[in-house]
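Each step along the sequence shown adds one to the number in the numbering used here, with nothing skipped, and position 95 is 153. Cβ coordinates follow ideal geometry from the N, Cα and C atoms, glycine included. Computed from a prediction, not measured in an experiment: that's the story for all the values here. Here the structure comes first, spelled out in structure tokens, and everything after it is commentary.
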Amino acid sequence: MAIFARKVIEYVLVSADGVYEDPVGMGVGKYQNEAYLRDGLGLLTACDAILFGRNTYEAFAELYGNATHKPMWADRLTTIPKYVFSSTLETADWGNPTIVRGDVVSEVTRLKQQAGGNLLVLGHGRFGETLLREGLTDVIDLTIYPLLMGSGKRYFREGQATELTLTAVKTFSNVVKLTYETTA
59 MAIFARKVIE YVLVSADGVY EDPVGMGVGK YQNEAYLRDG LGLLTACDAI LFGRNTYEAF
119 AELYGNATHK PMWADRLTTI PKYVFSSTLE TADWGNPTIV RGDVVSEVTR LKQQAGGNLL
179 VLGHGRFGET LLREGLTDVI DLTIYPLLMG SGKRYFREGQ ATELTLTAVK TFSNVVKLTY
239 ETTA
């Protein structure tokens, strides 16, 4: 296994039954107290760039691009460099983006080999699944909300086995954040 200068950290919000789809629609905002928001700001500050797939980038651009109410980490979220992986996205105008059209595995490997701080992945769509499957995800911050959705896209996919080591547990106002390192 290669040793890289930077780690890829995936940060994902899920319901107690593992649904990650549409956290805003899940109503997660009511559980986000100041300690939770400061923890998120700390993670954003500790990373040098965000890696997005097209769909997640577009969702964040819509949510934060023209928002009037901005959480404490919105400025950092907007200004941090972003790599948007897409073969179809023509333009990206929100928040310091670079569109990456090359092979996801080779491009993320190249970014990990560069000097600098860690790389953050927000959410877990097809892009996040690819990174996890290919062994490029180093840390998973899994934030679990006290909700049972009953249906929706699940974080835990059939046929995608990954061994994890628990490295930290934090609680925020009825929310639990589990930090895992992936195991080779």
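Exposure label - residue i; buried when at least 16 CB within 10 Å
i      : result
Thr195 : buried
Met207 : buried
Leu71  : buried
Thr114 : buried
Ser256 : Within the shown structure, residues of the chain are numbered from 59 to 242, placing residue 256 beyond reach of any answer.
Gly100 : exposed
Beta strand (DSSP E) segment containing residue i, residue limits
i      : result
Thr176 : For the sequence presented, residue 176 should be read as Asn rather than Thr. Per DSSP, Asn176 belongs to the beta strand (DSSP E) from 176-180.
Thr223 : 222-230
Tyr141 : 140-143
Residue i: first and last residue of the uninterrupted alpha helix (DSSP H) it sits in
i      : result
Glu165 : 162-171
Asp151 : From DSSP, Asp151 is part of no alpha helix (DSSP H); its letter is neither H nor E.
Tyr122 : 112-122
Thr137 : 132-137
C-alpha distance - residue i paired with residue j, whole-angstrom precision
i      : j      : result
Leu177 : Arg64  : 7 Å
Ile108 : Ser164 : 17 Å
Tyr94  : Tyr69  : 13 Å
Ile67  : Ile198 : 6 Å
Leu190 : Thr220 : 8 Å
Gly76  : Phe214 : 7 Å
Leu135 : Leu121 : 11 Å
Ser144 : Val158 : 6 Å
Asn232 : Thr223 : 23 Å
Val227 : Lys170 : 26 Å
Val234 : Thr201 : 6 Å
Asp106 : Gly174 : 7 Å
Coil, strand or helix - residue i by DSSP
i      : result
Gly193 : coil
Thr64  : The identity of residue 64 in the sequence shown is Arg, whereas the question assumes Thr. Looking at Arg64 - three-state DSSP - the assignment turns out to be coil, as it is neither helix nor strand.
Leu95  : helix
Tyr213 : coil
Lys128 : coil
Thr240 : strand
Tyr47  : The structure shown does not extend to residue 47, since the chain is modelled only from 59 to 242, so the question has no answer here.
Ala104 : helix
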